[in-house]
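Protein chains in written order, with UniProt numbering: chain A, 1 to 428; chain B, 1 to 428; chain C, 1 to 428; chain D, 1 to 428.
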């Protein structure tokens, strides 16, 4: 496999940290053993965990006010794949990439697939784009795509989604994620029910083109880019969609797409209970769809989501897709994605440590104090040594960001990839 | 029919305003006629509209910090009925009362029903109470009722709901509203899925006891009295309940029970579309479940809800229940309920004025400017003369609050009903 | 004065509506007279009211996801001025334009000023831009501008603001509005106190360059483009700034820049009380800084703001600047600005109708029912005839949007101004 | 000193955990030493930390819907002091109690003070109560207290606050906390400015009675019990109050009293910067003023607050008061207060571990990745062994809740204190 980061640099970085890691791992192992937990079992589970990286995430993001590009920005999907390979090489937690069409469109899909293989990367869910107009497009999405009042516009959006499936089939993907910007900015602009009926009809056409071993994920979002209503505004509507479409349709939960104060882990539990949890777009946020690094704002909330996932492990047909979806406006995107992959894994490891038998008993006995402390005990555990050991064992970095910086990857690609001019964002 | 307010006082009050009302009604009629609207048709529809008054609403409400009772507080359901009769006599928009058990429990249901008839009042949906413990109760609801981990506690709550149905049958009610305080205050306290399964099982037992011509309404609420999670947290869960239970089960929407920023009128549209809108608890709020007078904080939002309702009029099986549900902490409860009944009727009248053919065309053509202005034109119309004329024609008051004050009803009952001591609220 | 809209078309449009307007105005006048209000006095006050139009508002806005340009987009400030002249010609409520530098930078300021004069437009507050990087700029604002850790970057931002003052002086402006995007995306990224100290120091340098007859407005915003913290996050910080700077410094309130549920009219009252209300950026929003048309989401909130303004009229040194600040993503920007100007004027007219003597008495007597109904009575009044009459008397349009469409202005400029390609927004 | 918990039970509990604690403490000490941190220094700082317990917190709380009392509820301040002594004995982090008047009023203040001394408890800030009416009170607070329109009502509230100062002087308290429920439920009910002027005047009268070595804390809150506006709605208004009153006046921050999404740690930083941070009411919340156990919902937010406090340590006149303020509706209040005291201490310990030199450098260099990871590294550290060792060294419990349960304190007092009947909460 092609290595983006020099293995000598990586080894040297790991060697510097090996002794401390051993000591910390041993101390943690001893502590966990007291509770009957074998640390190596946890490490093995963590090592088997993977989260998909979004191809668009390796570019610097922006807001409607501005975008401040970094250096060495990827120019196309092949550059992006190399950046993704760095992330996977160092974290060993991101074995797949999720593509966005037409941004990642190429002439030769075989070449793309082979490049992925060479870099040790598979292809996760495909993402369609009907929230932007592309040059030469017949119909504009200004007033909607799959829910547009005009049948030809809807058909164009349907065709695009089917094209995404076709591309995905060639690449080995098994899922299509559909997020639309459709909605309205003013009361009265759209008829809620007719609009949703049009959306459902269009989605049924896409669903009909879905291979038997694929899944389709619909994604809800309360606002932005539409500011009065969105067609798929919350998990309630999202559930109705998945139910209407059929057994291959599931709901995708983006952590930043909810109203303030909403209990997201409970939504996750409900979707699991009713067999419709499709997966996640992980990120963190304080205000809206801030798309910040996962776990950077409210790490306990992330843990509570994973607590539901671990609790449901082993349930029939329970197989949610895990993806990152972030906008990296002020950091090196590779660094942000590495840390986010680590944070997701951290939450998973912490959730694995929850004493579920004890928790269940406290819940049954109505002992909220001990029930909540049981969760907190797991959350408070510094599982860092487990994560680092899992990475190290798999050939990754004990300290991914330090290793990345030591290797000088960003400096290297900055020399190879021409600087992007400081293009402004959307609009004020 | 027994009149709570002296008809002489009422007539005198109306007479003072008759000439102005005629002039305003004529001017408005002329204006509406230009748009092809016959004002008398609107007035007739308004006159046929009714919203139920909550029996508990005629007492002064409070917060966990304190309750500041007013004078002449009703001592029992018979006093409450008289207060409700005042509201109906003056507004002619509140022909029914919604009872809460055990607060309104009486020994002789026939006497209660007859008293209602004598006062011109019918009985709307019954409300059960499993969010408080009653003296002598076997099992406490401290840790839940219909979703409690203990089967005996759940059965007690089921039995209570069935008792409410029995009482309602004797009174002519046709619906049961179930709102529970069940939830949790700390992550881990409750297992979301098991808790919801227990709730669904318990609701199925209640549903089984529901007469064929009854409906059962479940009510969602994001928080309070539980502060981390609630079992029926939003319309998504509420829909799942109604779907699981069967064709007599519907969702109740309380306007104050949602997360910040949520588009409530869209939830209304979704529930209509999927045949599960049961009805409303009308009130207004700025922060949480503030239970303020309907339309007092965001009258345009109330209008947008009614816009959906008028749009759906005539649809099959579309028959939502309209109820007020407010807490009157600083006003005379009778005055607040009268003004709220008027505000609900105002929103209905405004929604009737929406030019739906034009609106539909603007929506189809993606003309958000004219579509939103079409709604706004209706909202901006001062329909006061229509409401006043409808009341006057039906024997009510042109100006309900002025007539009420002129009649001195509060002063009168203050003399008859002993003062309640300044009992403190729940707790800090 | 140069007229953008053919006076013949305008007259014809007005003539069609003249008779109805007379009737409606007369009916409303009669109604108001009963309460001792002379409608012509109100109309005169309304006619004297003006709100500034933002030069950037006449272009189609967008989000970070996409921008969907309309036809006939203005290419530069001279095109923008013509669009603004249309708005002023038809509404007679927008006599001034607020410029944004460097977007509106020109070589010849005299030419610009004269063009404004020819079109009947004056120049309102100047707006600086340190939230975007410009080509050839020495220092990037990626990590801040006036609060940047680097002194040279701060100086660059200071110099730019001083340049804006210089441009404004040439144009007759009397105020500088400073909104920055400075903040942080992650806990720890910035030291709150040091960052704010740097900001204050930089603002003091700008303040020192402010002419004696100018004002400087600082604008607070809770989030976006920064998503964890912003330097000027709320009115509390904004007040501290104005206080630190001195008597020419004031706070600007953008209606969409607050946390959910916040009582904005109360903030307005506090700033008035402490002598620091500088003015407004009017718009409406449901979720965040949605920048929707003023009054389109919550018209009662807009009225409550104006209620505070009218209440404070006549107070010493009370002279807030009124400006629109919106993003028109799905409408014709000229139409949105016209309707928004009308809505602001409507709220003003309604606030003028509040019976303040009665209100004050009800407040004193603790009669919340009558106090709140006193406000509502004013809000419910359909003041449309007053607004239309004020426009008509001043040579504007009875129905601005209808007249605008009848005149075919957008079609005309679409032929003259080359189509903008469907450039994408910032980023996903 | 009188011990509420049998020292034999406590020793036995501690002995069971001694060996594991030693091992964990040693392992953590080794890890910290690598970063140049001496664990014993941290432990010493933690041992010196204290947070006040609210006397009202040891009783079971409730909501407006219901209160579900526990067993062994304290009957009066002497019972409460004993419960507080349990908390202090086991956690060694709560050396003082904060009283609420008139709830904790006694005839003999000397007896009360001596009882505190005997139990090892001092008296923290006094709390006045003008949000409830007391039996026999001349004027009702239904429509406000310190801001009431009636001068006699205001004077009554002023006198009560001065009485609280007098009581506090006898007990050795050095601060008065003023939280009022004043506000309004409907637009128009109150004149914002006049209301605030009345409040300021009243506060000045209280301030005039404040001893020279006392501080007065005003507390802001966005809503509840008032639901449209509150007089002291946010930190901006709170700052103005402290500024108007003088150098002994400071702002109190209750973590649950803010609008959704607000950045509380930044408010803390601003108040520190401008010399007006008085102290905290610690608790946690998800929706409103939920008053949940500190750190139970968002532990990272609590850490970020302490990060500001540790950062400011040593600044002139920086001496914020730390108090818990929670409502324990479903847990044993003693257990909740113990765990909350531990959580506050945990956040403090984590904040002490932040590498401030590194953080400062990353901030200066605009390296948000490493800056935020620096904070996270400290937060992720499991400081449990430090906290336990500090408690053990001071004679407290290694595991406070386990020791408390083992000692059977609740069972004991349940036998001594008569059961409280299941009194209902305020109102629906």
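For each residue, glycine too, the CB sits at the ideal point set by N, CA and C. Keep in mind it's a predicted model, so treat the numbers as computed, not measured.
Tell me, to the nearest whole angstrom, how far the beta carbon of residue i is from that of residue j; I am working on the premise that it is less than 8 Å.
i                      : j                      : result
residue 260 of chain B : residue 261 of chain C : 6 Å
residue 207 of chain A : residue 236 of chain B : Contact doesn't hold; Cβ gap of about 21 Å is too wide.
residue 218 of chain A : residue 241 of chain A : 5 Å
Is residue i buried or exposed, if buried means 16 or more other CB atoms sit within 10 Å of its CB?
i                      : result
residue 73 of chain B  : buried
residue 7 of chain A   : exposed
residue 220 of chain D : buried
residue 418 of chain A : exposed
residue 315 of chain B : exposed
residue 212 of chain A : exposed
residue 289 of chain D : buried
Counting only beta-carbon atoms, is residue i nearer than 8 Å to chain C?
i                      : result
residue 15 of chain B  : no
residue 414 of chain B : no
residue 431 of chain A : With chain A running from 1 to 428 in the structure shown, residue 431 of chain A is simply not present.
residue 417 of chain A : no
residue 381 of chain B : yes
For chain A, find out if any of its Cβ atoms is closer than 8 Å to the Cβ of residue i; answer yes or no.
i                      : result
residue 400 of chain B : no
residue 169 of chain D : no
residue 300 of chain C : no
residue 188 of chain B : yes
residue 363 of chain B : yes
residue 23 of chain D  : yes
Shorter than 8 Å from the beta carbon of residue i to some beta carbon of chain B?
i                      : result
residue 213 of chain A : no
residue 305 of chain A : no
residue 286 of chain C : yes
residue 192 of chain A : yes
residue 296 of chain D : yes
Would a check of beta-carbon distances place residue i closer than 8 Å to chain D?
i                      : result
residue 426 of chain B : Since pLDDT at residue 426 of chain B reaches only 43, below the 50 mark, its modelled position is unreliable, and no value is offered.
residue 34 of chain A  : yes
residue 359 of chain C : yes
For residue i, which of the options has the nearest alpha-carbon?
i                      : options                      : result
residue 340 of chain D : D:351, D:352 and D:327       : D:327
residue 229 of chain C : D:368, D:110 and D:184       : D:368
residue 189 of chain C : D:284, D:402, D:361 and D:14 : D:361
residue 353 of chain D : D:20, D:27, D:37 and D:12    : D:37
>> Closer than 7 Å between beta carbons: that is the criterion. Which residues of the segment 230 to 256 of chain D meet it against chain C?
In response: 233, 234, 235, 236, 237, 239 and 240
>> At a CB distance below 8 Å, what residues from the segment 253 to 283 of chain C approach chain B? Give them in sequence order.
In response: 260, 261 and 263
>> Tell me which residues of the segment 317 to 340 of chain B have at least one Cβ-Cβ distance to chain C shorter than 9 Å, keeping chain order.
In response: 330, 331, 332, 335, 336 and 339
> Residues in the segment 36 to 68 of chain C with C-beta within 7 Å of chain A's C-beta atoms, listed in sequence order?
Replying inline: 56, 61, 62, 63, 64, 65, 66, 67 and 68
> Relative to chain D, which residues along the segment 134 to 147 of chain C have a C-beta separation below 7 Å, given in chain order?
Replying inline: 143
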